[in-house]
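Count the sequence shown with the working numbering and you get residues 9 to 287, in order.
Don't be surprised by glycine CBs; every beta carbon is placed ideally from N, CA and C.
The structure presented is a predicted model; accordingly, all values stated were derived computationally and were not measured.
Below is one structure, written out as structure tokens, with a few remarks after it.
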Amino acid sequence: MSEDHAVFPGPLAPPILRARDYLERRGQQLPVAALRILAREVILRVSRAGTHIERRTNLSLRSEIDLLCDALLSRDETAAADLVHQARLGGMPTDTLYHLYIAGAVCQFGDRWERDEATAAQVIIAAGRVYSILRELRAVFISESLRAPRGAEAVFATVPGEVHGLGVMIAADTLRRKGWDIALRVGLEHEELVEEIASLKPSMVGLSVSMQSRILPAARLIVALRMRCPQVWIILGGTIVADDPEVANAVDADAGARDIEEGAALLAGHLDYLNGLFR
């Protein structure tokens, strides 16, 4: 596959821009290799969601998938989002929209990358567009996944490679004393943690990070979770957030908590929002 360093054909997705700007303000650079890793996360997670695409897809939808793939790789910044919007307005079910339509297009541009029919720059942009589209659809995924008011429950985990797990353990114990059901996962590697969280089907995830070197792994994990669990709400905590709350926004977390009490309040606020959907 092409690993060129060509100028990108359009602006990067907002989360990538935020991460790049955050690092640049601190005298660091976001390597092109890191962008390729994030693009591969999108392709991997969404492609896996698209099970049995060929078997389940009729000729009409295949043609629409071709057009969406072309739009994602094009220079037109809004073409792909417009096609997805039109598909929703046309009554396409959410399951088909994600698991066949979008996943099919992602599989296609991933294949084109492998065959050198699309450049690395094009695919990085396309993956960012998919990420943004699915983020915009989160309310749809939430409404599809909720069948009853949510209880006070969440998954807490350390970012892969994070060696300081005491803080998240204390946070989990504190929330449990407040009546929360907290599933704690510490010390897991990236792939294992993504699949473990996906199997638990949480509506809220708390991630702990304390070291600057874990910023990119945190961003990669959040990209994977957004693609694997589109409905999930993610809060970032740890000493790095206490030192610089802006880091939560840089890695595209939904919120950042400087301490346990702030985190508990933010979690409770999102729980109120979810349960308000049933009022």
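{"query": "Euclidean distance between Cα positions of A273 and T247", "result": "18 angstroms"}
{"query": "Helix, strand or coil at I243 [DSSP, three-state]", "result": "strand"}
{"query": "Three-state secondary structure assigned by DSSP to A265", "result": "strand"}
{"query": "Short Cβ contact (9 angstroms threshold) for R2 with D260", "result": "Since the first and last residues shown for the chain are 9 and 287, residue 2 lies out of range."}
{"query": "Classification of L97 by the beta-carbon crowding that lies within 10 angstroms, buried from 16 upward", "result": "exposed"}
{"query": "Option nearest P238 by Cα separation, candidates D103, A41, E85, T127", "result": "D103"}
{"query": "Simplified DSSP state of V50, which is helix, strand or coil", "result": "helix"}
{"query": "Span separating the alpha-carbon of A276 from that of R266", "result": "16 angstroms"}
{"query": "Buried versus exposed, by CB contacts within 10 Å (16 or more), F164", "result": "buried"}
{"query": "D181, enclosing alpha helix (DSSP H) - first and last residue", "result": "174 to 185"}
{"query": "Which listed residue (I45, G99, S71, P225) has its alpha carbon closest to that of T166", "result": "P225"}
{"query": "C-beta contact flag for G264 and V249 at 9 angstroms", "result": "yes"}
{"query": "Residue environment, F294, which counts as buried when at least 16 other CB atoms sit within 10 Å", "result": "No answer is possible for residue 294: the residues shown for the chain start at 9 and end at 287."}
{"query": "R70 versus A135: straight-line alpha-carbon distance, rounded", "result": "20 angstroms"}
{"query": "Environment of L174 [buried if 16+ CB atoms lie within 10 Å]", "result": "exposed"}
{"query": "Rounded separation between E200 and V194 - CA only", "result": "11 angstroms"}
{"query": "DSSP state of Y104 mapped onto helix, strand, coil", "result": "Strictly speaking, residue 104 in this sequence is Thr, with Tyr absent from that position. Helix, per DSSP."}
{"query": "Given 8 angstroms, three or more beta-carbon pairs between the stretch 111 to 127 and the stretch 73 to 92", "result": "yes"}
{"query": "Simplified DSSP assignment, three categories, for M212", "result": "strand"}
{"query": "Distance between S221 and Q36 (C-alpha atoms, nearest Å)", "result": "11 angstroms"}
{"query": "Own chain, CB closer than 8 angstroms to T2, minus 5 neighbours either side, in chain order", "result": "The question about residue 2 has no answer, for the chain in this structure spans 9 to 287."}
{"query": "Same chain, Cβ closer than 6 angstroms to M219, neighbours up to 5 away in sequence not counted", "result": "none"}
{"query": "Contact set for P17: own chain, Cβ-Cβ below 8 angstroms, skip 5 residues either direction", "result": "Residue placement at P17 is poorly supported in this model, since its pLDDT is 42, which falls under 50; the coordinates still yield a value, given next. Closer than 8 angstroms at Cβ, skipping near neighbours: R83, A129, Q130, I133."}
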